[in-house]
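Single-structure report; data block below.
Residue numbers (this note's numbering), protein chains in the order written: chain Y, 1 to 257; chain B, 258 to 904.
Now the structure itself:
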C-alpha cells in the first residue's frame, strides 16, 4: 500500500515568552484509503499534528512527506496551490463563507483554480445527491441547520477530488443525528472514493467509525488500535484506552446506535 | 487597579485602534483653534477686508463644528459596536450597566480631553506660521503672535461640551439586549438585504436627468436649476448606492462565466457585502466630497478671475468727467499729486468722447478721435493705426467681441452732425477696461472728428472727458484717489449714481480687494477640505476596523483552503478600492457636471474658463486620496496578516 502521509520523528517547539514543546519525536504514517482518527486530551498536540499535515505549520525537527512531497521544500505560494489541489479540509466551526450560497461555497476551490463553468456544474451535480443538498443549493449558510452546513463544508472538501481529507472535530458542533449523518458520509466517501481521511476528534463515537485510532499524550505517541468486526466492541476498546490516557474527556454521553 | 485606571488603560493599550480617531479629532480641534486665533486677533479691526476675513473664519468654524459633531457620533458608534464583545464580557462578569456607561464616559472624555489639549497646543505652536500665511494673503501690515484667553476659551468650551455630550449619548449605541448576543457580536450581521428594483432604476433615472439638465443648461435656466438639481441629484445618489449598485451586482452574479472565474467569486461577493453595508456611508462621503470639490473648485476659479483682471483692466486709473463737472481740474490735479507722492511713474492721456446717434442702427454711439487713441496706444506700447477721412473702426467693448465686430462693414451717418462714415473692422488692441467708454464705440479720423465738433458747435451735445492714467506699477495704486473713491461710493449708496458729474475707477484698489477676498476664501476652503478629507478617510478606516475580526477569520479559512498570498492581496485590493474610490468617483462625476453648469454662469459673468483650476484641484485631491488608500491598505493588511500567519 502506498503511504500518503509519512511523518518521521516530528518535534514542534513554540517559542514565545514561554517555550512550549507541542510535539515530541512523533512518527505517524497513513496509507492510501485509510480512515484514521487522532485522539488525545486537550493540549496533547492533536491540532498541531493536523496543522503539520495540512502544511500550514512546519515542524521544528523531523521530516514530513505528504503524497511524496516535502512541504518544507516548497514556497508559500506552491504550498497554497498544493493545498487547494490535493487536500480537503473540514472544520469544527464549519467556516463557510456567509455571503456565498451553498453551491458557491462548494465550487470555491475550483473557481480559484480557474476551472470551466461546465465542469464545475457537472461536479456539483454529481456531489449534491450524495450530500442531500439538492434543494438547498441557492440558500445562504445562515439559513442552514448545523448538519446541512457541515455537509456543505464536506462538499467543499470533496469537490476537487483530493487524495487526503483533513477533518478537525467535524462533529464537534453538531447534534447526535447530524453527527451520525456526517460520519456516515465520511465513511462512504472513504470506502467509495478510496480517499484517505485524517480526523482529529474528542468523541469516541466518531472515532469508532475509523479504521484506526491513534492516541497521543503530551505530544508523544501513546497507543494505537485498529478496528475489528463490530463497531460496538471497537468503541469499548477506545473507551478503555481513553480511561488509561486520563485527561479531560466527556465519555459520559453514550449515544451509540 | 481603580476603575479610573481601568478606563485609562483601556484607551492607552488600544491606542492603535484609537489613533485614527484621535488624529482626526486633533486636527479638527487644531484648525478650529487657528480660526479662532484669527477671529480674536487684536490687530484686526474694522476694515472691510478684515471684517470679511473674520466673517469667513466664523462661518468656517461653524461648518467645522457641525461636521465634527457628525464625525464624532459616527466614529463613536463604529467603535462601540466593534468592542461589543468586550462589553459583553464585562457585563457577563457582573458589571452594572451604570458602571459600563461610566467606563465609556471616562474613556471618551480621556480621548476628548487629550485631543483638545493636543489640538490647541499644536494650534498655538502653528499659529505664528498660520498668521504669516494669512498676512501674505490679506496683505495686512503685521499680525503679531498674541496671548489671550479668548481663543482658548472658545475652542476648549466648544469641543469640551461636544465631547461631554457624546460621552453621555454614546452608551445608547451599545445594543444592550442579551449579554450572550454581545459576546457573539458578529453573528448579528445579515447577508439578506432587500433590494427594490423600482428604486434601483429610479436612482439611475434621477442621476441621468440631473446630468442631462446640468449639461444642457442655458443662461436663463441655470438659476432655476440651482434650486431643482441638488435635491434631485442627492436623492438619485442615495438610491444609486442603496439599490442601483446592488441590483447591478445581482445581475452580474447571474452570469457564471463572469462570476465563477478565479478569485472573482470571492472578490465580487466580498465587495458586494461592503457596498451594501456601507451604502449609507458611501452616500454621505459622496455628498461631502462633492461639496468639498465644489467649494474648492469654485474658489480656485475665482482666483483665476482675479488673475485675468489685469487683462480686462489695462489702465491704472480712470477718471471720467462730464463737461459740467466743476471739480474736474481739482480732481485731476489731486490724482497727479498723489501719484507723485507715492513715487509712481505714470502717463496721462485725455480723450474726448462725444455721443451721437447712428443712422444705421438708430442707437447711441460714442465716438473717439483716432489721434487720442493712438497717443494712448503709444503709452501702452501698441503701434498706431491709420484711418483715412471717412473711415472709422469699431472699438470692441470686450476682448471677445473683437472677432465678431472685425468682420462687419457698416455704412452710416452720424445723425446730429451729418458726417458720413464707412466703418470697416474693429480696433485690435485692448486699451480700456471693458465697457468703460461705452457699449457702442467707434474711432474716427481726426478730420472727421473735427468736422463733428464743428457741426455741433452751439448745439447741446453730450460729451465726456476721459482721463486715462497709465501706471506701470498698477497694483500699488490702491492708496491713490481714496477720497474720490469714497465720495463715489457714498453717492452710489445714498442716491442714484446718475447725479454725479464724474466717475472714478481704481483697478488697483478693486483688484487688491478681489484678490484678497478670493485668496482668503480659498485658504479657508482648503483648510476645511483638509478636515473633510481626513474625516472621510477615517470613516472608511473605522468601518474596516469594525469588521476586522470577521475578516481575519474569513481569510484564515481561505488561506487554509489554499488561497495564495497574491490572491489574498488582490481580493483585499478589490475590496478596498471601491471603498475609497467609488464614492470618490461618483463625487467627481457629480462635481464635473455641476461645474459644467457653473461654467455657463462664468461665461456670462467674466468670460473665463475654470477647466484648468478645476483639473488641478481634482488631480490634487486624487493624489492625496491615493496616498491615503495605500496607507490604510497597509495598516489593514498588517492587521489581517497578523493572525493569519500564525495559523
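Ideal placement from N, C-alpha and C gives every residue a C-beta, glycine not left out.
Specify the secondary structure class of residue i as computed by DSSP and reduced to three states.
| i | result |
| --- | --- |
| residue 602 (chain B) | coil |
| residue 714 (chain B) | coil |
| residue 303 (chain B) | Low confidence applies to residue 303 (chain B): its pLDDT is 48, below 50, so where it sits in the model is not reliable, and the reading given next is rough at best. It is coil, neither helix nor strand. |
| residue 34 (chain Y) | coil |
| residue 613 (chain B) | strand |
| residue 852 (chain B) | helix |
| residue 444 (chain B) | With a pLDDT of only 47 at residue 444 (chain B), under the threshold of 50, the placement of this residue in the model should not be trusted, and no figure is reported. |
| residue 572 (chain B) | coil |
| residue 24 (chain Y) | strand |
| residue 288 (chain B) | helix |
| residue 89 (chain Y) | strand |
| residue 742 (chain B) | helix |
| residue 795 (chain B) | helix |
| residue 607 (chain B) | strand |
| residue 200 (chain Y) | strand |
| residue 857 (chain B) | helix |
| residue 64 (chain Y) | strand |
| residue 259 (chain Y) | The structure shown does not extend to residue 259 (chain Y), since chain Y is modelled only from 1 to 257, so the question has no answer here. |
| residue 142 (chain Y) | helix |
| residue 208 (chain Y) | coil |
| residue 100 (chain Y) | coil |
| residue 361 (chain B) | helix |
| residue 70 (chain Y) | coil |
| residue 313 (chain B) | helix |
| residue 423 (chain B) | helix |
Sorted by chain position, which residues of the same chain lie with C-beta nearer than 6 Å to residue i's C-beta, five sequence neighbours on each side aside?
| i | result |
| --- | --- |
| residue 920 (chain B) | Only positions 258 to 904 of chain B appear in the structure, and residue 920 (chain B) is not among them; the question remains open. |
| residue 255 (chain Y) | Unreliable placement is indicated for residue 255 (chain Y), whose pLDDT of 47 sits below 50; the coordinate value is still reported in the next sentence. Closer than 6 Å at Cβ, skipping near neighbours: 176. |
| residue 603 (chain B) | 596, 726, 728 |
| residue 889 (chain B) | 798 |
| residue 407 (chain B) | 297 |
| residue 402 (chain B) | 385 |
Mind reading off the beta-carbon distance from residue i to residue j? Whole number of angstroms is fine, and I expect it under 8 Å.
| i | j | result |
| --- | --- | --- |
| residue 280 (chain B) | residue 384 (chain B) | That pair is no contact at about 20 Å. |
| residue 208 (chain Y) | residue 226 (chain Y) | About 12 Å; that fails the 8 Å criterion. |
| residue 83 (chain Y) | residue 55 (chain Y) | 6 Å |
| residue 803 (chain B) | residue 545 (chain B) | That pair is no contact at about 20 Å. |
| residue 148 (chain Y) | residue 133 (chain Y) | 7 Å |
| residue 492 (chain B) | residue 463 (chain B) | 6 Å |
| residue 524 (chain B) | residue 831 (chain B) | 4 Å |
What are the boundary residues of the alpha helix (DSSP H) that residue i is part of?
| i | result |
| --- | --- |
| residue 190 (chain Y) | 176-193 |
| residue 343 (chain B) | 341-349 |
| residue 235 (chain Y) | 231-245 |
| residue 50 (chain Y) | 46-53 |
| residue 648 (chain B) | From DSSP, residue 648 (chain B) is part of no alpha helix (DSSP H) but of the beta strand (DSSP E) over 648-652. |
By the DSSP assignment, the beta strand (DSSP E) with residue i in it spans what residues?
| i | result |
| --- | --- |
| residue 217 (chain Y) | 212-217 |
| residue 624 (chain B) | 621-626 |
| residue 679 (chain B) | 676-683 |
| residue 3 (chain Y) | 3-15 |
| residue 669 (chain B) | 666-671 |
| residue 721 (chain B) | 720-727 |
| residue 808 (chain B) | Counting along the chain, residue 808 (chain B) falls outside any beta strand (DSSP E), though it belongs to the alpha helix (DSSP H) covering 805-818. |
| residue 268 (chain B) | Here residue 268 (chain B) belongs to no beta strand (DSSP E); instead the alpha helix (DSSP H) covers 260-270. |
Leaving out five residues before and five after residue i in sequence, what residues of the same chain have Cβ atoms less than 7 Å from its Cβ?
| i | result |
| --- | --- |
| residue 646 (chain B) | 702, 704, 705 |
| residue 24 (chain Y) | 11, 219, 220 |
Got a sec? Which residues, its chain only, sit under 8 Å from residue i by beta carbon, not counting five neighbours each side?
| i | result |
| --- | --- |
| residue 47 (chain Y) | 168, 200 |
| residue 521 (chain B) | 515 |
| residue 656 (chain B) | 568, 569, 687, 691, 864 |
| residue 834 (chain B) | 886 |
Does the distance between the C-beta of residue i and the nearest non-hydrogen atom of the ligand NAP fall short of 6 Å?
| i | result |
| --- | --- |
| residue 213 (chain Y) | Judged by which ligands are present, the structure shown has none, so any question about the ligand NAP falls away. |
Inset, instruction - Determine, using beta-carbon pairs with one atom in the segment 72-80 of chain Y and one in the segment 819-831 of chain B, whether at least three such pairs fall under 8 Å. - result: They touch, by the three-pair rule.
Inset, instruction - Kindly confirm or deny that the segment 101-116 of chain Y and the segment 144-164 of chain Y touch, where touching means at least three C-beta pairs closer than 8 Å. - result: The segment 101-116 of chain Y, when compared against the segment 144-164 of chain Y, does touch it at the 8 Å Cβ threshold.
Inset, instruction - Specify whether the segment 418-427 of chain B and the segment 366-373 of chain B touch according to this definition: at least 3 beta carbon pairs, one from each stretch, less than 8 Å apart. - result: Look at the beta carbons and you see the segment 418-427 of chain B touching the segment 366-373 of chain B: at least three pairs across the two are nearer than 8 Å.
Inset, instruction - Give a yes or no on contact between the segment 572-582 of chain B and the segment 712-721 of chain B, applying the rule of three or more CB pairs nearer than 8 Å. - result: Verdict: yes, contact present.
Inset, instruction - Tell me, please, whether the segment 6-21 of chain Y touches the segment 40-60 of chain Y by the rule of three or more beta-carbon pairs shorter than 8 Å. - result: The segment 6-21 of chain Y vs the segment 40-60 of chain Y: in contact.
Legend entry - Three-pair Cβ contact test at 8 Å for the segment 126-144 of chain Y versus the segment 850-858 of chain B: By the criterion of at least three beta-carbon pairs nearer than 8 Å, the segment 126-144 of chain Y is not in contact with the segment 850-858 of chain B.
Inset, instruction - Check whether the segment 26-44 of chain Y touches the segment 86-103 of chain Y, taking contact to mean three or more Cβ pairs, one atom from each stretch, closer than 8 Å. - result: Contact between the segment 26-44 of chain Y and the segment 86-103 of chain Y is absent, with fewer than three C-beta pairs closer than 8 Å.
Inset, instruction - Determine, using beta-carbon pairs with one atom in the segment 606-617 of chain B and one in the segment 627-646 of chain B, whether at least three such pairs fall under 8 Å. - result: Cβ pair count under 8 Å is three or more, so yes.
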